[in-house]
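Okay, structure first, notes after.
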Amino acid sequence: MQGLMQDRPLDVAAVMRRVEQLFGHKRVVTATVGGEVVATWQQVVARARRLAAALDLLEIPPQARVGTFGWNSQRHVELYLAVPSSGRVLHTLNHRLYAEELVHIVTDAADDVLFVDRSLLPRVWPLIDDFGTVRRVVVMDDGGAEELPSDPRVVGYEELLGRVTEPAPPAVVDERDAASLCYTSGTTGRPKGVLYSHRSIVLHALMLLGVDNFAISERDVVMPIVPMFHVNAWGLPYAAMLAGADLVLPGPAMTPEALLGRMARHRVTFSAAVPTIWRGMEPLLGDADLASLRMIVCGGSAVPDALSRSWQEKAGIPLTNAWGMTETSPVVTCSRLATAHDDLDADARRTLLGTPGPPLPLAEIRIADDDGTGIGELQAAGPTIAAGYFGADPGKSSFTPDGWLRTGDVGTLDQYGYLRIVDRTKDLVKSGGEWISSVALENEIMAHPDVHEAAVIAVADDRWGERPLACVVPAPGRTLDDQDLRDHLAGRVASWWIPEQIWILPEIPKTATGKFSKTALRALAAGRDER
Ligand code: AMP
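Take the sequence shown: its position 40, counted from the start at 1, is 75 in the numbering used here, and no numbers get skipped.
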């Protein structure tokens, strides 16, 4: 016997209706090259409905992929609404990728049309003839001075909206239909497409509203610093719409000074970014007015505890650790402190906050503990977790026979169900048959007051198989001595973890999503070996 409840789809159109009907007066603020633009949610949704009709004018077929190269902006939010609600698939592209990767991704996704911020045109236009499937390029004028190519494929966003006579009614979609597409960062091979459904997007947004999670509410002013091309800005725009929060979008103004200024000016209460961003702001914290902040989420790579403590000390707010990946929508776990574990003392609770925390409702995680040590590969399952990949390289090996996602991370779970990430499988250092966690070692090195950043990689060693090599960047105006660093590590980590090789570098190379690029460091190390 089936339940007798209404079978209405969990779809993006429902999110759109809600923000329009209940929170039309709330605001979306965008920083553009030319200054700040402010709109109400009502205006944003009205424009999104016109945009949906414009997609019809461009004769974009149902299910076709609509690519975007955009900063975090109001127009990008309009695309987040119009593309899925009109039955097409939003494909957000990372504009920091190399040309060859972009061509691969656009071709693999078979993007039909690209929407490009004017200031990003120089990254895209030179490749246009390599993007075999792209018929049109819609330029979003963000105040950039870049010249517009005179080419019949190019049309302006506002001009296109101006051509619309009637806004389009939402298409009828099945909640399991594809809504958006994002490629993985491809650190272990070619990037792979993760195809989110309407249902997974709505469920993920709801999960973020939970009080033990991000607790996003109508009272919030949400500023996603994480780019809108990185896993739907971690789902924050959709969560802000469901909750009725204001949204502040930093556009191309990504310097620490600009971000801090914007947070203070708009009384931002909630923000999220990768560690590199929070680290960049940290030296400026003394002068910043951040009293409005209630939660700042850090994830996407290991969250250094010293950085979180420094934010706590200087800005009165720690970093909230959250774990996820492109394949998981992305948020799967979120650390929490205040609401749980009254039985623990302050130190133990502080330690729990430093972990990625327990899973959100509906997400399940387990450790494949093959050798009984309690440490093993982290696997995830749930309605917001990928079941397979889109495109030419489906990569079946990423899933277990019972359908769980193999994350490639190595972790542990404690008695409270809190996750700890030991490492990426391929970043562990195996020395003398024992594992060294590069993440733990980096964390201890970064606790040194004169260290700005540290990344540890494995290098081949005749005696031990592998040894850790630490690449360390001094804090601005400081110098570092490798023996001093070893003395600092003594007592903090096992003596055999302490690296013999420490390189002092001006910076750690970063990936296109702002994470430490261990691939680039390995190439650097290999190059030095040859010499
Ligand atoms: P991406 O698909 O680019 O978002 O990268 C996902 C990967 O980032 C995960 O598999 C982890 O290795 C890493 N990651 C994400 N969040 C965390 C976290 N809170 N702590 C440690 N590593 C993380």
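The beta-carbon is built from N, C-alpha and C at its ideal position, and this holds for glycine as well. None of these values were measured; they are calculated from a predicted model.
Just checking my contact of residue i with residue j at CB under 8 Å: how many whole Å lie between their CB atoms?
i, j, result
"His-233", "Pro-391", "His-233 to Pro-391, Cβ: 27 Å. No contact."
"Leu-305", "Ile-251", "The amino acid at residue 305 is misidentified as Leu; the sequence shows Phe. Indeed, because the Cβ distance is near 6 Å, the residues count as touching under 8 Å."
"Val-367", "Leu-395", "7 Å"
"Leu-116", "Met-51", "5 Å"
"Tyr-192", "Ser-215", "That pair is no contact at about 19 Å."
"Arg-100", "His-130", "Arg-100 to His-130, Cβ: 17 Å. No contact."
"Val-457", "Ser-433", "Val-457 to Ser-433, Cβ: 19 Å. No contact."
"Arg-171", "Val-190", "6 Å"
"Ser-154", "Pro-259", "Not a contact, Cβ separation roughly 19 Å."
"Thr-548", "Gly-335", "7 Å"
Which word fits residue i, buried or exposed, when buried means at least 16 other C-beta atoms lie within 10 angstroms of its C-beta?
i, result
"Gln-109", "buried"
"Leu-132", "buried"
"Lys-461", "exposed"
"Ala-46", "It should be noted that the sequence gives Asp, not Ala, for residue 46. With 16 or more other Cβ atoms within 10 Å, it is buried."
"Arg-84", "buried"
"Lys-553", "buried"
"Thr-386", "exposed"
"Asp-322", "exposed"
"Arg-254", "exposed"
"Ala-373", "Note on Ala-373: pLDDT 49, under 50, position unreliable in the model; no value is reported."
"Lys-465", "exposed"
"Pro-414", "The identity of residue 414 in the sequence shown is Gln, whereas the question assumes Pro. Buried is the call here."
"Asp-152", "buried"
"Ser-120", "buried"
"Ser-370", "buried"
Just verifying my parser: in three-state terms, what is the DSSP assignment at residue i?
i, result
"Leu-230", "strand"
"Asn-129", "coil"
"Lys-545", "strand"
"Ile-312", "helix"
"Val-50", "helix"
"Arg-371", "coil"
"Lys-61", "coil"
"Cys-333", "strand"
"Ser-472", "coil"
"Val-79", "helix"
"Ile-400", "strand"
"Ile-140", "helix"
"Lys-550", "coil"
"Ala-421", "coil"
"Asp-42", "coil"
"Gln-347", "helix"
"Glu-55", "helix"
"Ala-246", "Note that residue 246 is Val in the sequence shown, not Ala. Three-state DSSP puts Val-246 in coil, outside helix and strand."
"Glu-71", "strand"
"Asn-478", "helix"
"Ala-87", "helix"
"Gly-321", "helix"
"Asn-267", "helix"
"Ile-152", "The amino acid occupying residue 152 in the given sequence is Asp; Ile does not appear at that position. Three-state result, Asp-152: strand."
"Ile-236", "helix"
"Asp-164", "coil"
Taking only heavy atoms of the ligand AMP into account, decide whether any of them is closer than 6 Å to the Cβ of residue i.
i, result
"Ser-343", "no"
"Asn-356", "yes"
"Met-360", "yes"
"Ala-398", "no"
"Asp-164", "no"
"Asp-444", "yes"
"Thr-311", "no"
"Ile-480", "no"
"Pro-391", "yes"
"Ile-456", "yes"
"Arg-401", "no"
"Gly-335", "yes"
"Arg-314", "no"
"Ser-220", "yes"
"Val-199", "no"
"Val-332", "no"
"Val-338", "yes"
"Arg-459", "yes"
Please tell me whether residue i has its Cβ less than 7 Å away from any Cβ of chain B.
i, result
"Val-79", "Here chain B cannot be found, since the structure has a single protein chain."
Query raised in the report: Three or more beta-carbon pairs under 8 Å between the segment 234–243 and the segment 410–427, yes or no?
Result: Segments in contact, yes.
Query raised in the report: So, do the segment 296–314 and the segment 324–331 have three or more beta carbon pairs nearer to each other than 8 Å?
Result: Segments in contact, yes.
Report task. Inspect the CB distances between the segment 496–505 and the segment 536–552 and report whether three or more fall short of 8 Å. Result -> Short answer: they touch.
Query raised in the report: How do the segment 475–482 and the segment 493–500 stand: do at least 3 beta-carbon pairs fall below 8 Å, yes or no?
Result: Between the segment 475–482 and the segment 493–500 there are fewer than three inter-stretch CB-CB distances shorter than 8 Å, so the stretches are not counted as touching.
Query raised in the report: Would you call the segment 397–409 and the segment 440–451 touching, i.e. three or more CB-CB distances under 8 Å?
Result: Using a Cβ-Cβ distance cut-off of 8 Å, the segment 397–409 and the segment 440–451 are in contact, since at least three pairs of beta carbons, one from each stretch, lie closer than that value.
Query raised in the report: Within the chosen definition, does the segment 268–281 reach the segment 237–246 through at least 3 CB pairs nearer than 8 Å?
Result: Output reads yes: the segment 237–246 touches the segment 268–281.
**Report entry** the segment 275–292 in contact with the segment 135–147 per 3-pair CB rule at 8 Å
**Finding:** Look at the beta carbons and you see the segment 275–292 not touching the segment 135–147: under three pairs across the two are nearer than 8 Å.
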